[in-house]
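Asker:
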Amino acid sequence: NAGVTQTPKFQVLKTGQSMTLQCAQDMNHNSMYWYRQDPGMGLRLIYYSASEGTTDKGEVPNGYNVSRLNKREFSLRLESAAPSQTSVYFCASSVQDYTEAFFGQGTRLTVV
Amino acid sequence: DAKTTQPPSMDCAEGRAANLPCNHSTISGNEYVYWYRQIHSQGPQYIIHGLKNNETNEMASLIITEDRKSSTLILPHATLRDTAVYYCIVRIHSNSGYALNFGKGTSLLVTP
Numbered sequence: 740n741a742g743v744t745q746t747p748k749f750q751v752l753k754t755g756q757s758m759t760l761q762c763a764q765d766m767n768h769n770s771m772y773w774y775r776q777d778p779g780m781g782l783r784l785i786y787y788s789a790s791e792g793t794t795d796k797g798e799v800p801n802g803y804n805v806s807r808l809n810k811r812e813f814s815l816r817l818e819s820a821a822p823s824q825t826s827v828y829f830c831a832s833s834v835q836d837y838t839e840a841f842f843g844q845g846t847r848l849t850v851v
Numbered sequence: 005d006a007k008t009t010q011p012p013s014m015d016c017a018e019g020r021a022a023n024l025p026c027n028h029s030t031i032s033g034n035e036y037v038y039w040y041r042q043i044h045s046q047g048p049q050y051i052i053h054g055l056k057n058n059e060t061n062e063m064a065s066l067i068i069t070e071d072r073k074s075s076t077l078i079l080p081h082a083t084l085r086d087t088a089v090y091y092c093i094v095r096i097h098s099n100s101g102y103a104l105n106f107g108k109g110t111s112l113l114v115t116p
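Protein sequences appear in the order of chains A and V.
Note that the first sequence covers residues 740 to 851 in this note's numbering.
Note that the second sequence covers residues 5 to 116 in this note's numbering.
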């Protein structure tokens with residue numbers, strides 16, 4: 740039982756490049772989330788998926804897209820990376836969106 | 005979701021109880037109080053949550069005042085591994101489409 744797994748753990752991109760952050764959970768959870776955390780700040784919600792087949796914008800969705808591929812997987816795509824997207828990205832999941840959330844270990848992304 | 009106010013930092017001696025306060029004076033009747041913590045560079049970890057009664061689990065106790073305008077998270081015997089940022093979050097207990105709203109939290113330093 741791995742919980743929430745994020746790949747990659749570290750990534751360096753050049754401005755304008757694209758990439759997809761992968762997230763998978765093995766707990767049969769309905770809800771999944773993507774957050775970003777900038778240095779010295781709390782987490783801010785980018786996108787979430789309350790259930791398979793649905794996605795909604797969070798607080799800071801600009802510059803990102805998401806795909807809820809199936810119940811297990813929720814990916815985050817940066818189409819044209821910008822230095823302002825340098826951050827630590829956390830994926831999380833929960834049974835329902837008000838129950839205990841489990842977080843992955845994060846992806847540390849640097850855009851140069 | 006109601007806004008919360010926490011002190012930015014606190015110290016606690018190892019072995020002593022750590023009492024972390026949270027003010028949520030605008031909390032509404034159907035909002036729960038949640039606590040998460042984030043140990044350096046890791047994903048946040050759920051600790052405990054409650055509505056109006058005091059709650060206890062293997063990690064901590066949550067004391068909510070009778071008027072529900074504030075609460076205290078108690079780590080009964082703090083260890084060095086409890087050094088982390090602690091987040092107090094309030095939210096309603098339904099599939100509202102709201103995810104966790106993290107603020108800046110309280111940075112707890114447990115000293116030997």
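Just so you know, even glycine gets a beta-carbon here, dropped at the ideal spot from N, CA and C.
Can you pull the chain A neighbours of Lys108(V), defined as C-beta to C-beta under 9 Å?
Answerer: Looking up residue 108(V) in the second sequence gives position 104. Going along chain A in sequence order, the residues near Lys108(V) (Cβ under 9 Å) are Gly779, Met780 and Gly781.
Asker: Using 8 Å for Cβ pairs, my map puts Ser74(V) next to Pro25(V). What's the rounded Cβ distance?
Answerer: For the purposes of this step, residue 74(V) is taken as residue 70 along the second sequence, with counting starting at 1. For the purposes of this step, residue 25(V) is taken as residue 21 along the second sequence, with counting starting at 1. The pair is a contact, with the Cβ atoms about 7 Å apart (cut-off 8 Å).
Asker: Could you tell me which whole beta strand (DSSP E) segments of length 3 or greater appear in the stretch 30–105 of chain V?
Answerer: 35–42, 49–54, 65–68, 74–79 and 88–96
Asker: Please determine if the stretch 829–844 of chain A and the stretch 765–774 of chain A are in contact, where contact requires at least 3 C-beta pairs separated by less than 8 Å.
Answerer: Between the stretch 829–844 of chain A and the stretch 765–774 of chain A there are three or more inter-stretch CB-CB distances shorter than 8 Å, so the stretches are counted as touching.
Asker: Using a Cβ-Cβ cut-off of 8 Å (strictly less than) and excluding sequence neighbours within five positions of Tyr787(A), which residues of its own chain qualify?
Answerer: Numbered from its first residue, the first sequence carries residue 787(A) at position 48. So the qualifying residues of the chain are Ser770, Met771, Tyr772, Trp773, Thr794, Asp795, Gly797 and Asp836.
Asker: For Gly109(V), collect the residues of the same chain with a Cβ closer than 7 Å to its Cβ; drop the 5 residues on either side in sequence, then sort them by chain order.
Answerer: Numbered from 1 along the second sequence, position 105 holds the residue referred to as residue 109(V). The answer, listed in chain order, is Gln10, Val89, Tyr90 and Tyr91.
Asker: Could you tell me which residues DSSP pairs with Gln761(A) in its beta bridges?
Answerer: Stepping through the first sequence from its first residue, residue 761(A) is reached at position 22. Partner(s): Thr746(A).
Asker: Quick one: give me the first and last residue of the beta strand (DSSP E) that Val827(A) is part of.
Answerer: As a position in the first sequence, residue 827(A) is number 88, starting the count at 1. Where Val827(A) is concerned, the enclosing beta strand (DSSP E) stretches over Ser826 to Ser833.
Asker: Does DSSP put Pro12(V) in a helix, a strand or coil?
Answerer: Locating residue 12(V) in the second sequence gives position 8, counting from the first residue. Pro12(V): coil per DSSP, three-state reduction.
Asker: Per DSSP, what kind of secondary structure is Ser111(V) in: helix, strand or coil?
Answerer: Position 107 of the second sequence, counting from 1, holds the residue named residue 111(V). Of the three classes helix, strand and coil, the one that applies to Ser111(V) here is strand, per DSSP.
Asker: Roughly how many angstroms separate the alpha carbons of Gln745(A) and Phe841(A), rounded to a whole number?
Answerer: The residue you call residue 745(A) lines up with position 6 of the first sequence. The residue you call residue 841(A) lines up with position 102 of the first sequence. For Gln745(A) and Phe841(A), the distance between alpha carbons rounds to 12 Å.
Asker: So Gln750(A) and Leu848(A) are in contact, right, with Cβ under 8 Å, and what is the actual spacing, rounded?
Answerer: Here residue 750(A) is taken as the residue at index 11 of the first sequence, counted from 1. Here residue 848(A) is taken as the residue at index 109 of the first sequence, counted from 1. About 5 Å; that satisfies the 8 Å criterion.
Asker: Suppose you measure from the CA of Arg807(A) to the CA of Tyr36(V); what does that come to, to the nearest Å?
Answerer: Position 68 of the first sequence, counted from the first residue, corresponds to residue 807(A). Position 32 of the second sequence, counted from the first residue, corresponds to residue 36(V). If you take the alpha carbons of Arg807(A) and Tyr36(V), they lie about 28 Å apart.
Asker: With DSSP as the reference, identify every bridge partner of Val851(A), one or two as the case may be.
Answerer: Residue numbering aside, residue 851(A) sits at position 112 when the first sequence is read from its first letter. Beta-bridge pairing links Val851(A) to no other residue.
Asker: Residues of chain A with a CB under 8 Å from the CB of Tyr90(V): which are they?
Answerer: Counting from 1 along the second sequence, the entry for residue 90(V) is found at position 86. Those within 8 Å of Tyr90(V) in chain A number zero; the least Cβ separation is about 11 Å.
Asker: Please list, in chain order, all residues of the same chain as Asn27(V) whose beta carbon is under 8 Å from its beta carbon, the five residues on each side excluded.
Answerer: Taking the second sequence and counting its residues from 1, the one referred to as residue 27(V) is at position 23. Result list for Asn27(V): Thr8, Thr9, Gln10, Lys73 and Ser74, in chain order.
Asker: May I ask you to list, following chain order, the residues of the stretch 33–50 of chain V that have a beta carbon less than 9 Å from some beta carbon of chain A?
Answerer: Residues Tyr36, Tyr38, Tyr40, Gln42, Ser45, Gln46, Gly47, Pro48, Gln49 and Tyr50.
Asker: Please confirm whether Arg775(A) and Tyr828(A) have their CB atoms less than 8 Å apart.
Answerer: In the first sequence, residue 775(A) corresponds to position 36, counting from 1. In the first sequence, residue 828(A) corresponds to position 89, counting from 1. Yes, these two residues count as a Cβ contact at 8 Å.
Asker: Assign Pro25(V) to one of three DSSP states: helix, strand, or coil.
Answerer: As a first step, residue 25(V) is located in the second sequence; it is residue number 21 there, counting from the start. Pro25(V) falls in the strand class under three-state DSSP.
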